[in-house]
Structures are given as C-alpha cells and as structure tokens.
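Take any residue in the sequence shown, count from 1 to its spot, add 107: that is its number in the numbering used here. Everything on this sheet refers to the single structure shown next.
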Amino acid sequence: VNEKTGKPCDNPVDLVMKTGTIISLANNTILIARDGTRISIADSGAPIRDTASSIKGVVLVFRDVTEKQRTEQELLKTQKLESVGILAGGIAHDFNNILAAILGNIDLAIHRLGENERVVPLLVDAEKASLRAKGLTQQLLTFAKGGSPVRRTVSIEGIIRDSALFILRGSGISCETDFQEDLWLVDIDPGQMSQVIQNIILNAREAMPGGGNVRISCRNSSEPASEKAAGGDSVEITITDNGPGLDPAVIEKLFDPYFTTKNKGTGLGLSICHSIITKHGGTLTASSPPGSGAVFTILLPASRSHEIVPEREEALPDSAGPGARILVMDDEEIVSKVAREMLQQLGHEVVLVKEGQEAIDCYRKAMEEGKRFDLVIMDLTIPGGMGGKEAVGHIRALDRNALVLVASGYSNDPVMASYQDYGFCGAIVKPFMLRELAVSVQVALNLQKQ
Ligand SMILES: Nc1ncnc2c1ncn2[C@@H]1O[C@H](COP(=O)(O)OP(=O)(O)OP(=O)(O)O)[C@@H](O)[C@H]1O
Ligand SMILES: [Mg+2]
C-alpha cells in the first residue's frame, strides 16, 4: 500500500506483464505483514522471458529500507536542531546584553529608592518579567555553540522535586513520586537538568488544564544511557501524566524545533530538552501507552563518583570592605555602564574599556603609575576585537598576581566551567543582579588577601 494514502498499490506483476519492461515502485510504499507489521520497501520488478522472448514470469525484488529511512530522518532532525541552534544563539546573545542593561538598571533603581516609594512594586514587577526573559535567553543559549553542560556530581532527586513543585504549584495537579533508595548519582549541569524536567512537567500541566496527576519515578538501571555509551549503568527517570496522551503523528514530530499544537507554544520546549539530554550522553524518549497519558523517559549515565559535589559557597559578603579599583571590559556600552553603576554602588572605583588590547594598555599604564587595579572583569568574547579569553594571558604576563573575572552570557561555555585553566579567578554569568556581582567581586578580592 501507499504509506501516505493507505491505498493499495497497483500490482507490480500486472504492470510488468503489461509493459514488458523493468519497473520500480513509487516512493513511500510499505508492505504490511500478516501480523500487521509495516515495513518500508524499495522494490523492482523485471520480466522473465523464454527463448522466444515472450514473458513467462516476473521477478519481484523487495528491499527493506525502514532502517535507511529512520537514519535519514534522524539526520534531518539533527541538522534542523543545529540550524536553530545557530540562529537562536545569535539572537539570544544580543538579547542577553540588552537584558543585562534592563535588569541591572531596574535592580539599581530598586536599591536606590526607599522601600516606601510607590514605584518600587512596579519596578519589582518589571524585574520579575526581565528575570523570565533571562530564563528564556538562557534556554536559547543552551542551544548555541559551546553549549556543553557545566557538570557537578549530584543526586537528581532534589532537582526533580524542586522543578515539579515549582511548575505544578496551584495547578490542581497532584504529583506522585517514587525514588528508588540508594539512587546512583549523576554528573549533570543542575541548571540545564531543571530546565528539562520543568519543560516536560510544564507540558503535562498544559495537557491537563482541568487537573490530573503526574507520576515521577527514578530507578537505577543496568541499561546503557545511550547507543554511544559503551555499556555502563544509568539512572532512569520516567515522567507520566494522565492527560490525553500523544498521537502517533505527534510522537513522530515531538522533538522537532517549532513543532507545536498550541496556540501560544514556540515548539522549542522538547527540542531543547532533547538537545540537553543528548549533550549529557543520555537519551530522551516519549511514548503513549493505551490507557495512560504521555510518558517521557530519560536515561542518564550514572556517575562513577559516590560523593556529591557541593555548590560553590554563595554567602553574601558581610562587609564590602574598602573600595577596590576595578577595570571593566565590555564592548556593549549599555552593559558596561550598568556594571559601572553597580560597582560604584558597592563602593568601588571603576574604569571602563572596550576590548582586550585597550584593557592590557590600561592595566600596564596603571601599574606604571602605581595605581594597580585590584580586579579586572572581562567579557569572554568581543566581536572584532580581543576578548577576555586571550587578554587574560597578556595581563597575567604583566602581573602574575592579577585577578581577572570572566563575564559571559554563555553560562555553558567551557571557559566558564573551567575558568581557572584559562587564568581567570572566577566567572560570572550575564545578565547579573547587584547581589550576584557583589558576591563574585568579594570572593575574588578575598583571594587577593590570602
Ligand atoms: N504531556 C503531554 N501531553 C500531550 N501532548 C504533549 C505533552 N507534551 C508535549 N506534547 C505535545 O508536544 C508538542 C511539543 O511540545 P514542546 O514542549 O516542544 O512545545 P510546546 O509545549 O508546544 O511549546 P513551548 O514548550 O515552547 O511552550 C506540544 O505542542 C504538544 O502537542
Ligand atoms: Mg512545552
């Protein structure tokens, strides 16, 4: 039959008999076995002639092309995801800088106003909205180049509980959890992994506007986490809802970027999940067994380590200490200006530069004048100029004890994850709030005293 129309194909034998030539069947032909299995086939038919050249019979050849088609579709999917990644990354990068300015200025404005000012609640709302936008750009940047996860060894349980609670609050949907005891640890980027869980649970919530139930279970498995994984154990997370479930046609397109059945959906949710899980060396699959809603299954490689790596201590510095001299490098004026305002608010003295060479010159000159900078904050990449990644080496060559913080919107960039390897003393993700900046600067300045 024809896969698209479901109509039976013309009998190839009749066709060969009639035309007397070699024929091949149209694309999208499938063969249905007695047990109902459907196999995509490519085929040809050729006449068998006797010595008198009249047709005695027909040879039919069927080739199973199911696997070939599946690989082609997978490839297409990967290519689509890649192109979206490039596009999204570019837009998100610019957008992130704009947000840094908006968020920073709102944050500063709130700090400078007295608590009783009537405009404060308005600014707080504006800040909340900007923080949501920040979440979105972070999601998009995950797609972008260098989107490798910043991993820690953790238990997935806390992340799942927090994400589920956060999304299901006030939804009228109950949540049942079933976590195996002694669940193995996983090496994951906690931020990215909460994004995955949140996206999946948000979909479940959206699929059940009238309320329902979400079941989350987690267990150790001896199944490898992906085809690429060479054996090894994994942790299996299953998220099941009791909504309407997934049509086979939906399952086929589920992870495609921009595939959505919702009026206001972007269709990026699950494709981002897919990309994150794949980058973690795991697999994300969906199914819809009869009698149940949608089922999403995540397999993640189990960690070899048995020790949880704690989050970096983030206590707010109690005293800002004496003001420091800080050199800030960013090519976007709106970003550097708000950074300067924030640092001044914290009692520091600030000099702004636009790119790497200027930063090096400025640092050298200050050293010669005996007004050494206590700290340098540099953007990781500067289009058309020297970025922080390169400049940090030059500055450290001038002054072995120079303290340099790297700032970037690419929280997933490998440099951000292992900043020490590049000569930085810390990393801060843009856009940052006053508090985050205060902590990073103080932690860095404390290094100097040690
Ligand atoms: N739990 C679910 N139950 C039923 N359908 C689902 C479920 N999860 C996903 N889907 C279907 O998959 C589609 C794609 O989901 P995805 O999260 O990628 O995009 P979206 O939710 O439509 O948009 P966005 O996530 O950007 O808001 C949805 O539009 C919906 O049709
Ligand atoms: Mg969604």
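C-beta: ideal position from N, C-alpha, C; glycine also.
- With a contact defined as Cβ atoms closer than 8 angstroms, L407 and V342 qualify at about 5 angstroms.
- With three or more CB-CB distances shorter than 8 angstroms, the region 534-546 counts as touching the region 201-213.
- Runs of the beta strand (DSSP E) lying entirely within the region 146-194 and spanning at least 3 residues, in chain order: 162-171.
- Excluding the 5 residues flanking it on each side, V168 has same chain C-beta neighbours closer than 7 angstroms at D150, S151, in chain order.
- Sequence-distant Cβ neighbours of I137 in its own chain, meaning closer than 7 angstroms and more than five residues away, are V108, E110, R145, I146, S147, I148.
- Judged by DSSP secondary structure, L482 falls within the beta strand (DSSP E) whose first and last residues are 482-486.
- Proximity to G463 across A401, D486, L482 peaks at D486, based on C-alpha coordinates.
- Non-local beta-carbon contacts of A216 in its own chain, meaning distances under 7 angstroms to residues more than five positions away in sequence, involve L230 in chain order.
- Remark: C-beta atoms of S333 and T390 approach each other more closely than 8 angstroms.
- In the three-state reduction of the DSSP assignment, I344 falls in the strand class, which pools E and B.
- In the same chain as L544, and ignoring 5 residues on each side of it, the C-beta atoms closer than 6 angstroms to its own belong to M449, in chain order.
- For R258, the closest alpha carbon among the candidates A509, S412, R432 is that of S412.
- With respect to the 8 angstroms criterion, R432 and D506 are not classified as neighbours on the basis of their beta carbons.
- Partner residues in the beta bridge of V513, as assigned by DSSP, are M485, A534.
- Not a single heavy atom of ligand 2 lies less than 7 angstroms from the C-beta of L243.
- Ordered by chain, the residues meeting the criterion of a beta-carbon within less than 5 angstroms of a non-hydrogen atom of ligand 2 are N310, G376.
- The alpha-carbon separation between T173 and E181 amounts to approximately 12 angstroms.
- Proximity of the beta carbon of N306 to ligand 1 is indicated: a heavy atom of the ligand is located closer than 7 angstroms.
- For S547, the secondary structure class from DSSP, reduced to helix, strand or coil, is helix.
- Distances between the C-beta of S324 and the heavy atoms of ligand 1 are all 7 angstroms or more.
- Here Q245 is buried. Its C-beta has 16 or more other C-beta atoms within 10 Å.
- G492 and P228 have their alpha carbons spaced roughly 41 angstroms apart.
- Here A240 carries a helix assignment [DSSP, helix/strand/coil].
- For Y526, same chain residues with a beta-carbon under 7 angstroms away, outside a window of 5 residues either side, are V513, G533, A534 in chain order.
- In the DSSP annotation of this structure, the continuous segment of the alpha helix (DSSP H) that includes P355 starts and ends at 355-360.
- A Cβ-Cβ contact shorter than 8 angstroms links G319 with I280.
- Here V483 really is in contact with L434; their C-beta atoms are around 5 angstroms apart, less than 8 angstroms.
- When P256, A551, S378, D171 are compared, the shortest CA-CA separation from A140 is found for D171.
- Checking the 7 angstroms criterion, the Cβ of K235 is out of range of every heavy atom belonging to ligand 1.
- One Cα belongs to N327, the other to V261, and the distance between them is close to 14 angstroms.
- Taking the Cβ atoms as the reference, N203 lies roughly 16 angstroms from G495, outside the contact range of under 8 angstroms.
- In this structure, S399 sits away from T345, with a CB-CB distance that is not shorter than 8 angstroms.
- In this structure, I198 keeps its C-beta atom at 8 angstroms or more from the C-beta atom of L292.
- Secondary structure note for F273: its alpha helix (DSSP H) is the uninterrupted segment 263-275.
- Around the beta carbon of T488, a 10 Å sphere encloses 16 or more other beta carbons of the protein chains shown; the residue is thus reported as buried.
- S518 is classed as buried because its beta carbon has at least 16 other beta carbons within 10 Å across all chains shown.
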